[in-house]
Amino acid sequence: MCGRYSLSVTPEMLRTLVNVDAYLNLEPRFNIAPTQMAPVVRSFNGGRRMDMLRWGLIPSWSRDKTAASKLINARGETVAQKPSFCDAYKHRRCLVPVDGFYEWRKEGEGKQPFRIGFKEGKPFVFAGLWESWTIPAGQEDDGEVIETYTIVTTDANERIAPIHHRMPVIVDPADYEIWLTGDPSEAANVIRAFPPCDMAFYRVSTRVNNVRNDDESCVEPLKKTS
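When you number the sequence shown by numbering that gives the first Met the number 0, it's gap-free, plus one each residue, and the end is 225.
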């Protein structure tokens, strides 16, 4: 699963990455965690727009927010069938811009976090789904609309597999429009492990374990100890 990621690129880099005006006033984020707000890109009036959504999908039929903490990822193999995701997969796919993500591997008595991304730190995008949920009548803030998203995952490629058996679906730029607006059968072809040749990873500090830590130290390579 993917439970943390980062996005600290300049607005110009983001605009180039997803071909959308980066009009949002985005602060660098080094440790984005579930239930937090983060930018996603959606199809809009024949183009694309970027909005801030909450990570952790709440299905439109849900009675409360509890699903959000569990639905941070959607398995690509079953996304078209699962009740929580199937409608969003058909009608509400999105792109999630990132410049790296974190996975943990058991080493000795603990778990070592790794930062995974592309060589030279270039940004990329995950395949995502989004949903709009209205707080039911009788609940606090009833009638308020909350927009949420989840990240689609697949089997890890051979470079990532030694760290974790799953990885987010990384969308090639040539497939952006297919994922955003193609029919479900076309979008299914996007759900695959990204080729490993351009990917890299390194150990980082366990500071990333704590969601309150959101600074550059989270992405710095762990110094080797003698």
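A virtual CB, placed ideally from N, CA and C, is assigned to each residue, including glycine.
query: Residue range of the alpha helix (DSSP H) that includes ARG12; result: Note on residue identity: the sequence assigns Met, not Arg, to residue 12. Start and end: 10–17.
query: Classification of ALA136 by the beta-carbon crowding that lies within 10 angstroms, buried from 16 upward; result: exposed
query: Same chain, Cβ closer than 6 Å to LYS118, five either side skipped, listed in chain order; result: ASP197, ALA199
query: Option in SER216, ILE150, LEU25, TRP60 with minimal Cα separation from TRP54; result: ILE150
query: In chain order, each beta strand (DSSP E) run of at least 3 residues that lies wholly inside the stretch 80–118; result: 92–97, 99–106, 109–117
query: Pairwise C-alpha distance: ASP213 and ASN30; result: 5 Å
query: DSSP bridge partner residues for ARG28 (one or two, in chain order); result: LEU6
query: Per-residue burial, GLY142 [other beta carbons within 10 Å of its own, 16 or more giving buried]; result: exposed
query: Proximity to GLN111 [Cα-Cα], best of VAL8, GLY2, ILE57, ASN208; result: ASN208
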